[in-house]
Each structure stands twice: as structure tokens, then as C-alpha cells.
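Here the protein sequences come in this chain order: V and X. Per the working numbering, residue 83 is the first one in the first sequence, and the count goes up by one each step. Per the working numbering, residue 3 is the first one in the second sequence, and the count goes up by one each step. Cβ coordinates follow ideal geometry from the N, Cα and C atoms, glycine included. The structure under discussion appears below in the form of C-alpha cells.
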Amino acid sequence: MYWNKSYECMPREKLQELQLERLKRMVNRIYHDVPFYRNKFQEKGLLPEDVKTLEDLQNLPFTTKVDLRDNYPYGLFTVPLEQIVRIHASSGTTGKPTVVGYTRNDISMWSELMARCLVAAGAGPHSVIQNAYGYGLFTGGLGVHYGAERLGASIIPISGGNTAKQIMIMQDFGSTVLTCTPSYAIYLAEVLAESGIDPASLKIRAGIFGAEPWSENIRKDIEKKLKIKAYDIYGLSEIMGPGVAIECECQDGLHVWEDHFIPEIIDPVTLKVLPYGEQGELVITTITKEGIPILRYRTRDITTIKPEPCACGRTHLRISRLQGRSDDMLIIRGVNVFPTQIESVLLEIGEVEPHYQLVVRRDGSLDTLEIKVELSEALFSDRISNLENLEKRIRDRIQSIIGVNAKVSLVEPKSLPRSEGKSQRVVDLREI
Amino acid sequence: MIRQVSIFIENHEGRLNNVLKILAENKINIRSLNIADATDFGIVRLILQETEKGIEVLKKNDIITTVTPVLAAEISDDPGGLSTLVDALTQAKINIVYAYSFLPKKTDNAIIIIRVDDEVQQKAIDTLEKVAEINLLDRETLLLK
Chain V
83 MYWNKSYECM PREKLQELQL ERLKRMVNRI YHDVPFYRNK FQEKGLLPED
133 VKTLEDLQNL PFTTKVDLRD NYPYGLFTVP LEQIVRIHAS SGTTGKPTVV
183 GYTRNDISMW SELMARCLVA AGAGPHSVIQ NAYGYGLFTG GLGVHYGAER
233 LGASIIPISG GNTAKQIMIM QDFGSTVLTC TPSYAIYLAE VLAESGIDPA
283 SLKIRAGIFG AEPWSENIRK DIEKKLKIKA YDIYGLSEIM GPGVAIECEC
333 QDGLHVWEDH FIPEIIDPVT LKVLPYGEQG ELVITTITKE GIPILRYRTR
383 DITTIKPEPC ACGRTHLRIS RLQGRSDDML IIRGVNVFPT QIESVLLEIG
433 EVEPHYQLVV RRDGSLDTLE IKVELSEALF SDRISNLENL EKRIRDRIQS
483 IIGVNAKVSL VEPKSLPRSE GKSQRVVDLR EI
Chain X
3 MIRQVSIFIE NHEGRLNNVL KILAENKINI RSLNIADATD FGIVRLILQE
53 TEKGIEVLKK NDIITTVTPV LAAEISDDPG GLSTLVDALT QAKINIVYAY
103 SFLPKKTDNA IIIIRVDDEV QQKAIDTLEK VAEINLLDRE TLLLK
């Protein structure tokens, strides 16, 4: 089943023609409308006319999260704010979020691609989609929502959390598709089991899970426990939001919607483009976006491009399941966490360069974050309650800035491992 | 006023021993020890025979220490002795943050170390000095006991 067969199954030659035409138009626009890109082109001695083939994309400059931050909030928008109909944001590497704006056409394109994703995962107009992604600045909730409406399915905008209510609605409303993070899906399955509810008695048949890394083992676990088919979805707000790529019924790699995005894989060290099949960092160029077109965005996600034709009939390239990150960003319960964010909170409280370590564990099905902080003499008090208050202040500040509930542990000075003078900041003990 | 050495340690095996060994190696005698523990960490409170030297060697070993002023009150080691002390502070509406016993070698009386909030310290001293049954000790007298 397809949502838009002529595009989803377009012969590759024709698809590439379309990509080149759209890429040229996009490059022209950003060169003329965004000083940031014009400067980058001029530094490299490039003009928009230098893009003659799709291979020429390799010569163009990258865009990074830092560039988005430096141009906070609207610096990379190509249209005036009056043409922007929605603004989303995701957590950035410092306290400031990364801001993206969508024109009416962008929202329409996103809805179209998300509808394709839902159909690829087996949904249709008769589906009842229980959308447990968070609604808000995070793109997950609204992204799925608009796609489901475009498809004509019945969307239940329950948002994240409140597990008892999720289960009640699942039972009473007859939800057939569940959308949430994989870790929440496992948690739901566990609560169902504890409540003695047989998943086979529910109408749920498929789940579309993303916003955090997961593995084939977790898929098997979810499929067995919830008695559904579990599909991997990929997206990021800088590019669009959920729906950049999706698994089809073959569940063997995620199709990237190439009529709107051009994926490349680069070596994160040499920044050279790698041939198909080799593992590296995923780089994405948006070729149709209006609000904030992005040239060669370094996603920091590690994957491979699978060029082989897919049995489902879609001609769009697939990427394999994400293998990790090329930076130290952590994804904890769907929230992006950068060690630098934690550092600035600690700096604010302690007023000295803190030594800390982030320890991530998977406790049952939920990710937990522990922040170990070396206590300094200035913050020491001989009263237990003062030190417990200090832990609480750090915890509360991190909750309000990053949105993650962390355990804070004070440790002795010089007790955290250091390599080349800097602490080893992150210990990820999750097995995914 | 007595200078108590307060030390931060993580709450797991070996950490207290580490502190005690440093003091032992430097021949610093511990006159009293009190440990307060939270889930992940503890605070060790010591009265040392040689306070300054103790702090110096602990700091040299990257151990977080601070000096906390506390009171030392000598009372009779009989039923009601401690009650007299606490009663006097309660009457004066002074909150005891924590208290523990000091083990004297040369007297049959009991010695209690008391920590009150900084702002009521002088008031606590004045209060206790008025009670006949209580003998407030200064540093030299305490360490001779």
C-alpha cells in the first residue's frame, strides 16, 4: 500500500532529475535570501550556478547545530515571519534551543510525508491512531497529528504520559495504531501485563516508534509483548520532524523521502562523502522546504545508506537503523541531552568549572540519568540538609532547562576518571 | 568555642578508612568521631588533638574539609544530666542542629558536643553559662579532659 504511488515508486532516473531541479532552486534561494549561506559560498568561491549535477552537492558547505544556534532564533529563515505559520524548537547544545519555522507549504509537505509514513506502516483512513508523542515545541506530537489528519485516519491526541489513561483509551476507543517512543511502548506493555490485560484483546495492530535509538532486540520484545508490528521512524526538527524516513512492511531499513531530502553519508573526521553501504554520519539536505531550508545538515547520527531496491516497490533509498552518534549527545526518554547543557547548569550553581559525569542506565524499560558531581570546598557544608538541598537545586534546574528528571549524586573531589585532564563525561550503560 | 573538622565522604566502603589512615599516618589523634549519613554521602565530624595540622594533611590529600564551630558542655554522667542541658536550650528556644558525645579520658563526667545555628551561638553560650550543672569547655580544657 502506498499513499502517493507516483512519487514513492518513481523510477530512480526520474527521481534524480527531480532532485537536481529542486536542489538548484533551493541553492539559488538560500544564496540570495540567507546571508549566512551566501558568506559560506563566497568563502569557498562558489556560485549557485556551480551546482550542475547531484554530485556537485559534495562541494557545498555543511550546516551544523552550532550554525543554527549562532543564528538564533530566526537568522536562517528565508521568508519573513508573516509567512511562517508554525514554530518548533528542540534542545540545543547550550541553554538556547534550535528554532525552526514552517510556512503553510512546509506544513503541507510534512503532513504529506507523514501520511506516506503512516501508510507504509500499514495505517489507513480506517485507522484509529493513538498519538502518545508529546505535543508542544517538540515536533513528534504535531508531526504525527497532521499526517494522520491528511491520511484521514482518526487521531487521538493524547500526548505522552498518564499510562492508566493511555490504557483506558486504548481499550475503550479501539486504537489500532500506537505512536510513541520505543521505551514508552515497552513500559506500556509492562503495565498492561501487570494489570492482567491481554494485548490480544486490544485492537492495536501496529506501532510507529522513534525519537530515540532502539535495536532489533527491542523491536522483537515490543512485537511479542504488545502483539503488534513495530516500525522504526526517523526525523529531526532541524530537517522537518518525524517522517523524514520510515520503515515499510519489509522492516529492513528506513526509506528516506528523496523527492524532498537528499541523504549523504560522510566520514565525520575527514568530512568526505562515503560510498553507499559504508557506515558514517548522515547528512541531509532539504530541497523543498521554504521556511528554513537546510543545506547538508550534519545530523550526527551514524548509519549506512542501503542502495538495493526494496521489495515493497518504493524506489527511495533506505538508511539502516541508527547505529549511534558522532557527538556526545544523549537521547534520554526522547529528549536530547548535551553534556554542555549540564555543565552550564553546574557552572551557574557552583561558579567554578565543575567535574561531572553523566551515567545513563536502562532501568527496566526506562532510561535514567545520573549526574555525578564532584563537590567543591566552596559548596561543602557540614549539614546534611544543605548538601541535599544542593542536589535538589541542581536536579530542579536541570529539570526546568533540559526537561529531564535526573538523579544528582555528590562525589568526592578527583574521584571521577579523567583522561587528558578532562573528565570522561558520559558513561552509557544502556544496551540497545 | 571548639573547632570541629567536618569532612565529606562518599557513602561506600573504604572511604572512611581513607580519611582515618591519612590522620593515622600523620600521627594526629582523633578525640571524637561522629558520622552523619545521607543516601550517597556522609559527613564525618571529628575533634582532633591537632586541628590545624589535621586540616592541612586532609586538604593535601584532596579531601573536602571545613571547620565548624561547636560547643562542648561538661555535665554529670548521671540520669537527667543531658536533660538539663537540652532543657536549658529548649527554654531559650535554641534549636540543636546535632549533638554527640565526646569521650573524655580523665573525668567521670560526660562531655557533649553541640552544634547550633551560627546566629544563635552566642545566645547558646550565654544560656548554658548560667546553668550551674553545666560546664562549658574551651578548646584547651576539652583536649586535656
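Exercise for review: Give, in chain order, every residue of the segment 444-471 of chain V whose Cβ lies closer than 7 Å to some Cβ of chain X.
Suggested key: L457, E459, F462, D464, R465, I466, L469 and E470
Check your understanding: So is Q423 (chain V) buried or exposed if we call it buried at 16+ other beta carbons inside 10 Å?
Key -> buried
Review point. In three-state DSSP terms, what is K477 (chain V)?
Key: The amino acid at residue 477 (chain V) is misidentified as Lys; the sequence shows Arg. Three-state DSSP puts R477 (chain V) in a helix.
Practice item. Check Q361 (chain V) in the structure and name its three-state DSSP category. Key: coil
Check your understanding: Roughly how many whole angstroms lie between the Cα atoms of C91 (chain V) and Y84 (chain V)?
Key -> 9 Å
**Study point:** Straight-line gap, I238 (chain V) to G16 (chain X) (C-alpha atoms, nearest Å)
**Key:** 55 Å
Point to revise | Any C-beta of chain X under 9 Å from that of K496 (chain V) | key: yes
Check your understanding: Which partner residues of D383 (chain V) appear in the DSSP bridge assignment?
Key -> V:R407
Exercise for review: Just mark C519 (chain V) as buried or exposed, buried being the case when its beta carbon has 16 or more other beta carbons within 10 Å.
Suggested key: Here chain V covers residues 83 to 514 and nothing more, so residue 519 (chain V) does not appear.
Review point. What number of angstroms, rounded off, separates the C-alpha of Q51 (chain X) from the C-alpha of L145 (chain X)?
Key: 7 Å
Review point. When the Cβ atoms of the segment 260-270 of chain V are set against those of the segment 282-289 of chain V, are three or more pairs found closer than 8 Å?
Key: yes
Exercise for review: Check whether the Cβ of R117 (chain X) lies closer than 9 Å to any Cβ atom in chain V.
Suggested key: yes
Review point. Is L469 (chain V) closer than 9 Å to F10 (chain X) when the C-beta atoms are compared?
Key: yes
Review point. Do three or more CB pairs link the segment 349-357 of chain V to the segment 212-231 of chain V at distances below 8 Å?
Key: no
Check your understanding: Along the chain, where does the alpha helix (DSSP H) that runs through I268 (chain V) open and close?
Key -> P264 to E276
Check your understanding: Does DSSP put C352 (chain V) in a helix, a strand or coil?
Key -> Just to set this straight, residue 352 (chain V) is Thr in the shown sequence, not Cys. T352 (chain V) falls in the coil class under three-state DSSP.
Review point. Can you name, in chain order, every residue of its own chain whose Cβ lies under 7 Å from the Cβ of L336 (chain V), other than the five neighbours on each side?
Key: D314, Y316, A327, I328, E329, R400 and I401
Exercise for review: Would you check if the distance between the CB atom of G323 (chain V) and the CB atom of F159 (chain V) is smaller than 9 Å?
Suggested key: no
**Study point:** Beta-carbon spacing of I384 (chain V), G362 (chain V) below 9 Å
**Key:** yes
Exercise for review: Give me the Cα-Cα distance between E131 (chain V) and I321 (chain V), rounded to the nearest whole angstrom.
Suggested key: 24 Å
Exercise for review: Within 10 angstroms of the Cβ of M252 (chain V), are there 16 or more other Cβ atoms? Answer buried if so, exposed if not.
Suggested key: buried
Point to revise | Where Q212 (chain V) sits in the DSSP three-state scheme | key: strand
Practice item. Would you mind listing the alpha helix (DSSP H) stretches within the segment 129-155 of chain V that are 4+ residues and don't spill past its ends, in chain order? Key: 147-152
Point to revise | Proximity test, Cβ basis, 9 Å: L428 (chain V) and chain C | key: Annotation note: the requested chain C is absent from the structure, which comprises protein chains V and X.
**Study point:** Residue range of the unbroken beta strand (DSSP E) whose run includes I127 (chain X)
**Key:** That residue, I127 (chain X), is in no beta strand (DSSP E); its alpha helix (DSSP H) goes Q123 to E131.
Check your understanding: Between D149 (chain V) and F118 (chain V), which are expected to be in contact by the criterion C-beta below 8 Å, what is the C-beta distance as a whole number of angstroms?
Key -> 7 Å
Exercise for review: Could you tell me which chain V residues have their CB closer than 9 Å to the CB of F104 (chain X), listed as they occur along the chain?
Suggested key: Per Cβ cutoff of 9 Å: no residues; F104 (chain X) is ~16 Å from chain V at best.
Practice item. Look at the alpha carbon of K504 (chain V) and the alpha carbon of Y438 (chain V), and state the distance between them as a whole number of angstroms. Key: Annotation note: pLDDT 46 at K504 (chain V) (below 50); position unreliable, coordinate value reported separately. Those two C-alpha atoms are separated by around 10 Å.
Check your understanding: If you scan the segment 174-241 of chain V from start to end, which runs of the alpha helix (DSSP H) of 4 or more residues do you find wholly inside it?
Key -> 186-202 and 221-233
Practice item. Please list the residues of the segment 50-79 of chain X that have a C-beta atom closer than 7 Å to any C-beta atom in chain V, keeping them in chain order. Key: D64, I66, T68 and T70
**Study point:** Selected residue, minimal CA-CA separation from E76 (chain X), among X:S8, X:E131, X:N13 and X:L18
**Key:** X:E131
Point to revise | Close-in-space but distant-in-sequence residues of the same chain around F43 (chain X) (CB under 8 Å, 5 per side omitted) | key: F10, I11, E12 and N13
Check your understanding: Among V:A214, V:V442 and V:G218, which one has its Cα closest to the Cα of Y269 (chain V)?
Key -> V:A214
Exercise for review: Under 7 Å between beta-carbons, which chain X residues line up against V493 (chain V)? List them in chain order, please.
Suggested key: E12
Practice item. Using 10 angstroms around the beta-carbon of R415 (chain V), count the other beta-carbons present and answer buried if the total reaches 16, otherwise exposed. Key: buried
Review point. Going along chain V, which residues have a C-beta under 7 Å from D120 (chain X)?
Key: By Cβ distance, chain V contributes nothing, its closest Cβ being about 11 Å from D120 (chain X), past 7 Å.
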